[in-house]
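2 protein chains.
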Amino acid sequence: MNLLTRNTDYAARALLYMGGRRGQRVSTADIHRDLKLPRPFMRKILQQLQKEGYLVSVKGYKGGFTLALPPAKIRLIELMRIFQGDLSLSDCLFQKKICSCVAVCPLRRELKAAEKMLVDRLKGVTLADLMKK
Amino acid sequence: MNLLTRNTDYAARALLYMGGRRGQRVSTADIHRDLKLPRPFMRKILQQLQKEGYLVSVKGYKGGFTLALPPAKIRLIELMRIFQGDLSLSDCLFQKKICSCVAVCPLRRELKAAEKMLVDRLKGVTLADLMKK
DNA sequence: AATAATGATACCACCACTGTATCATTAGTC
DNA sequence: GACTAATGATACAGTGGTGGTATCATTATT
Ligand code: FES
Ligand code: FES
Chain E
0 MNLLTRNTDY
10 AARALLYMGG
20 RRGQRVSTAD
30 IHRDLKLPRP
40 FMRKILQQLQ
50 KEGYLVSVKG
60 YKGGFTLALP
70 PAKIRLIELM
80 RIFQGDLSLS
90 DCLFQKKICS
100 CVAVCPLRRE
110 LKAAEKMLVD
120 RLKGVTLADL
130 MKK
Chain B
0 MNLLTRNTDY
10 AARALLYMGG
20 RRGQRVSTAD
30 IHRDLKLPRP
40 FMRKILQQLQ
50 KEGYLVSVKG
60 YKGGFTLALP
70 PAKIRLIELM
80 RIFQGDLSLS
90 DCLFQKKICS
100 CVAVCPLRRE
110 LKAAEKMLVD
120 RLKGVTLADL
130 MKK
């Protein structure tokens, strides 16, 4: 029951870090140095965040990244979507097809309800919330 | 975000099946035939359930399994514990040690809170609940 | 020109998940 | 008593996703 995979986790930490240095340009090297996270992996993660519109990048000497959005608009659940794919995977994939019983299966009903509750909660969590504490 | 792994899932389905045939002895062959689940895998799963005290087994010809507990005492969360290990894994394992910042990390705080809510909900779900619907 | 950064992309290793296979044992059936 | 159909215990195996690394091209500053 790990809610986050590493890339989501690292992404969140990197964004938190950058949230604390708004206006400044932050490079993977900075993050690697201060957060001790594996450098090439972080690069890939930051590149993905840039593609998704969460970061603005500047190439070249003294290049790096800055937040493209105010922290209040960066939602944990969206990071999860980016790095962990679409949620609501408690669909029953039975022999590679979606199980025909999905609509009525009592087990799925419970799982989906629990998952919805979880997702709803996580929807409320923004980078700004995390920075406050 | 798959809340259940296959073995937990299969276990739940098998138990549901057996819940619908209380008193009768059910073999892996029966489950394989009616639920179309992989037979040797099911065997392993049922054996684990037996070890954990959820099933009573009878060896030999016409042998099989029966529920060892009333459905109201079989909790989904316990199946998860058996097949997916202890929960509350949103501990931050940072470079293989538990991260020193765990106690104060705002990200962990949120995750743990969300996870607790989820687990609390799942704690309430028993086999009897699933059978009712 | 040298350097230090990102962009894009291919590659790789490990491990958990998802099974299979085998041998031994036990209990009914005939 | 032999046969058969079940579980017990355990070892083995495939595969996909996670968690990275490596490389080459491009861009900007010094
Ligand atoms: S068994 Fe497939 S949804 Fe319940
Ligand atoms: S970074 Fe390890 S707990 Fe937050």
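These protein sequence lines map, in sequence, to chains E and B. Each residue of the first sequence is one higher than the one before, counting from 0 in numbering that gives the first Met the number 0. Each residue of the second sequence is one higher than the one before, counting from 0 in numbering that gives the first Met the number 0. Quick reminder that beta carbons are idealized off the backbone N, C-alpha and C, glycines included.
Query: DSSP state of V103/B mapped onto helix, strand, coil; Result: coil
Query: Short Cβ contact (9 Å threshold) for F82/E with I44/E; Result: yes
Query: The region 0-12 of chain B / the region 105-115 of chain E touching (three or more Cβ pairs under 8 Å); Result: yes
Query: Partners in chain B for R120/E, counting only beta-carbon separations shorter than 7 Å; Result: A113, M116
Query: E77/E versus E114/E: straight-line alpha-carbon distance, rounded; Result: 15 Å
Query: Outcome for G52/E when other beta-carbon atoms lying within 10 angstroms are tallied against a minimum of 16; Result: exposed
Query: Neighbour list for E77/E in chain B, Cβ cutoff strictly below 8 Å; Result: None at all; the shortest Cβ gap to chain B is about 14 Å.
Query: Any alpha helix (DSSP H) of 4 or more consecutive residues that is wholly inside the region 17-61 of chain E; Result: 27-34, 38-50
Query: Test: R108/E CB closer than 9 Å to a CB of chain B; Result: yes
Query: 9 Å Cβ cutoff, R12/B in contact with chain E; Result: yes
Query: L75/B (DSSP reduced to helix, strand or coil); Result: helix
Query: DSSP three-state assignment for T4/E, whether helix, strand or coil; Result: coil
Query: M17/E: contacting residues in chain B (beta-carbon distance under 7 Å); Result: None at all; the shortest Cβ gap to chain B is about 14 Å.
Query: Residue environment, T4/E, which counts as buried when at least 16 other CB atoms sit within 10 Å; Result: exposed
Query: Where L2/B meets chain E, residues with beta-carbon distance less than 8 Å; Result: M0, S89, L110, A113, E114
Query: Helix, strand or coil at L129/B [DSSP, three-state]; Result: helix
Query: Element boundaries [beta strand (DSSP E), containing G63/B]; Result: 63-66
Query: heavy atom of ligand 2 below 8 Å from L106/B C-beta; Result: yes
Query: Buried/exposed call for A13/E, threshold 16 Cβ in 10 Å; Result: buried
Query: Neighbour list for Q83/B in chain E, Cβ cutoff strictly below 9 Å; Result: M0
Query: Proximal chain B residues relative to K132/E, where beta-carbon distance stays under 7 Å; Result: P105, R108
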